[in-house]
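All residue numbers for the sequence shown refer to the working numbering, where the first residue is 797 and numbers rise by one.
Ideal placement from N, C-alpha and C gives every residue a C-beta, glycine not left out.
Bear in mind the structure is a predicted one, so any value in this text is a computation, not a measurement.
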Amino acid sequence: MSAFTSFHEPGFWLVMALLTGIAILAARPFLPQGWRMPLMAGYWTLFPYLAYISGGVSLRLMGVIYQDWLTVFRLGVGLVLALIAILGIAQVAVMRDSRTRPSHATREAATPERWATALAAVGLSGAEELYWCFLRGVIYELMLSLNRPAELPFYWSIWAAALLASPVAVTVQSTGIQRVVKVIILIMTSILFFYSRSFWLCWLLHAFAWVVLVTVPRQTPAYASQEKTRAKQL
């Protein structure tokens, strides 16, 4: 039980993060719309930071420092490029579903807003990915600290983290397609982290996938007209 009662232990921060996540999800419907994403970004970054400074988890296990860059570039980058190619094909399919294309004038007018939205998506993807890597690292460290490591503890810690991260990852999304994309990203980055153990590569893949599959399609006129129609129906 000492692994869960001391704030120097990984189990304490795992339990606190999960309980806080439940509380945030319960309170989220009652919060103003503009507060929701900043609150989630704070939640995703605060717990990894607090766990690190208290000694509950190491940055190495979260994939932030002490990278084996030779392995990362030999295996991780190749895997990222393969996954990005798959995402590119998926993005083409998504864009083909849009019956109308923005005119040149529309694209020019929307460029500053599009860049701001994309940069915000990249930042939020990094915060969420840091939280996912925190869960992977803290569960792995917890398995080792209990002195009863399961077979392949690193492997099981990654998928246990994915299971614990999925409720928050799915609930904070506003549409069904966003929930599906987020689950796909969670699975893809879990696989990537298993091979590369790099937060930075996972962030790259996470941000690219979210911007390509969600942020860019949402800025098409067809999507905007669908949103207006949905708002009128409500």
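Residue i to residue j span [Cα, whole Å]
| i | j | result |
| --- | --- | --- |
| TYR845 | ARG932 | 14 Å |
| TRP955 | THR913 | 30 Å |
| ARG975 | VAL966 | 5 Å |
| TYR951 | PHE869 | 21 Å |
| TRP996 | THR801 | 31 Å |
| ALA837 | LEU942 | 31 Å |
| ALA961 | GLY874 | 26 Å |
| LEU938 | PHE990 | 17 Å |
| ILE981 | LEU988 | 10 Å |
| GLN829 | LEU814 | 23 Å |
| LYS1028 | ILE849 | Any answer about LYS1028 is weak, because its pLDDT of 45 lies below 50 and its placement is not dependable; what the coordinates show is given next. So the two alpha carbons sit approximately 49 Å from each other. |
| TRP831 | ARG910 | 21 Å |
| ARG824 | LYS978 | 19 Å |
| VAL968 | ALA822 | 11 Å |
| LEU915 | VAL811 | 32 Å |
| ILE973 | TRP999 | 20 Å |
| ILE882 | VAL1010 | 15 Å |
| THR1033 | TRP865 | With the chain covering 797 to 1030 only, the question about residue 1033 has no answer from this structure. |
| ALA807 | ILE861 | The question names Ala, yet the displayed sequence has Gly at residue 807. C-alpha separation (whole angstroms): 22 Å. |
| VAL1007 | LEU940 | 36 Å |
| VAL876 | PHE803 | 35 Å |
| LEU827 | PRO908 | 28 Å |
CB contact flag (residue i, residue j, <8 Å)
| i | j | result |
| --- | --- | --- |
| GLU805 | GLY852 | yes |
| GLN863 | SER994 | yes |
| PHE930 | ALA847 | yes |
| ILE820 | LEU835 | yes |
| ALA1003 | ALA917 | yes |
| GLY817 | VAL964 | yes |
Spatially closest choice to residue i from the options, by CA coordinates
| i | options | result |
| --- | --- | --- |
| LEU920 | MET833, VAL860, ILE882 | MET833 |
| LEU857 | THR971, PRO949, GLN969, TRP911 | PRO949 |
| LEU1001 | ILE880, ILE973, VAL968, SER992 | ILE880 |
| TRP984 | PHE803, LEU855, VAL1010, ALA878 | Reading off the sequence, residue 984 comes out as Met, not Trp. Nearest option by C-alpha distance: ALA878. |
| LEU855 | ILE818, LEU827, TYR936, VAL876 | TYR936 |
| GLY859 | LEU827, VAL1008, SER992 | SER992 |
Supposed contact pair residue j and residue i - C-beta distance, whole angstroms, cut 8 Å
| i | j | result |
| --- | --- | --- |
| ALA1005 | SER986 | Not a contact, Cβ separation roughly 13 Å. |
| TRP809 | TYR927 | No, TRP809 and TYR927 are not in contact; Cβ-Cβ is about 12 Å, not under 8 Å. |
Cutoff 8 Å: residue i Cβ touching any chain B Cβ
| i | result |
| --- | --- |
| LEU1000 | In summary, chain B is missing from the structure at hand, where a single protein chain is found. |
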